[in-house]
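Input: a single structure, listed below in structure tokens.
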Amino acid sequence: MKEKATSGSSGFYKASFIETWQVSLLLGMHIRNAQEMLKNMRRELKKPKNAGITVNEFCAKRKLPLKETLKALEHMSS
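With our numbering applied, the sequence shown closes on residue 189, and no number is skipped along the way.
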């Protein structure tokens, strides 16, 4: 999970981006399918080709619980 400091309405906060390998492990799918899924999400969200998908956006699109997803991603990174 990559984090990037972004300017928000109340100062700075960190936006966490989900990576392809994390989607693959989280959902138990092949890396190519995860790439295609993120590509389609970018298209639906009208994001540029190389833009990241935040964990919040990913969870909202996949209807996954945010807390549990963040916990699983944190466990993957350690």
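Ideal placement from N, C-alpha and C gives every residue a C-beta, glycine not left out.
request  = Could you give the DSSP three-state label for S127: helix, strand or coil?
outcome  = Here residue 127 refers to the residue found at position 16 when the sequence shown is read from its first residue. In this structure, S127 counts as strand in the three-state DSSP scheme.
Inset, instruction - Look at the alpha carbon of R95 and the alpha carbon of S189, and state the distance between them as a whole number of angstroms. - result: Here the chain comprises residues numbered 112 to 189, so residue 95 is not present and cannot be evaluated.
Hey, quick one: how far does the alpha helix (DSSP H) through H186 stretch, first residue to last?
For the purposes of this step, residue 186 is identified with residue 75 of the sequence shown, where counting begins at 1. Segment L177 to S188, the alpha helix (DSSP H) holding H186.
- Using beta-carbon positions only, say whether E130 and M152 come within less than 8 Å of one another. Position 19 of the sequence shown, counting from 1, holds the residue named residue 130. Position 41 of the sequence shown, counting from 1, holds the residue named residue 152. No. Outside cutoff.
### Query
How many angstroms separate the CA atom of L137 from the CA atom of E185?
As a working mapping, residue 137 is identified with position 26 in the sequence shown. As a working mapping, residue 185 is identified with position 74 in the sequence shown. The straight-line gap from Cα to Cα measures roughly 11 Å.
* Quick one: is A145 buried, meaning 16 or more other Cβ sit within 10 Å of its Cβ, or exposed? -> Walking along the sequence shown from the start, residue 145 turns up at place 34. Buried, since its Cβ has 16 or more Cβ neighbours within 10 Å.
**Item:** Where I164 falls, given that 16 or more other Cβ within 10 Å makes a residue buried
**Value:** Residue numbering aside, residue 164 sits at position 53 when the sequence shown is read from its first letter. Under this definition I164 is a buried residue.
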